[in-house]
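Numbering (this note's numbering), first residue to last: 943 to 1098.
The next block holds one structure in the form of structure tokens; read it before the comments.
Written out as structure tokens, the structure reads:
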């Protein structure tokens, strides 16, 4: 299962004093794309309502590569790089629709949460199977070079 793409046009209120997309709104766009992906995986809104479970972000890493400006149309792809009993490792890439250039990447580790206890809990077996299918769907693709990247000073 390849996850659906998400397209979004950047509104003027998301532009900062430097004349480009404020860094916080990159995360908003990635989150909108994640909502679309989670619905496709059936771990979104209906899943939360049905099961009382959700997912929380445990760690994220965003790499800003190219400016995004007011009115730009961007497209976000989402890949499941890995999944286990309680975690989901995601990688997203934002590109300019017009040029195809990569604007930013976003990597995230999510935890499956039982909302009654607000503690990490195993995914139900049927969701584990779907998540593993999503991992396999993109297994032939190379792992993104920036996946797992850490922040460090040159030479450090």
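Where is the CB? At the ideal position from N, CA and C, for every residue including glycine.
Computed from a prediction, not measured in an experiment: that's the story for all the values here.
- When the Cα atoms are used, residue 1075 and residue 1021 turn out to be separated by approximately 11 Å.
- Residue 1061 and residue 1030 have their C-alpha atoms spaced approximately 15 Å apart.
- Ranked by Cα distance from residue 956, the first of 944, 971, 1050 is 971.
- Taking 8 Å as the cut-off, the beta carbon of residue 994 is found closer than this to the beta carbon of residue 1056.
- Residue burial annotation: residue 1069 is buried, with at least 16 other C-beta atoms found within 10 angstroms of its C-beta.
- Residue environment for residue 1095: exposed (fewer than 16 other C-beta atoms within 10 angstroms of its C-beta).
- Residue 949 sits in a strand when the DSSP states are folded into three classes.
- Beta bridge pairing from DSSP links residue 1050 with 1002, 1032.
- The beta carbons of residue 947 and residue 1008 sit no closer together than 8 Å.
- Look at residue 1059 here: in three-state DSSP terms it is coil, with no helix or strand label.
- For residue 966, the enclosing alpha helix (DSSP H) stretches over residues 965-982.
- For residue 1015, the closest of 1093, 1077, 963 by C-alpha to C-alpha distance is 963.
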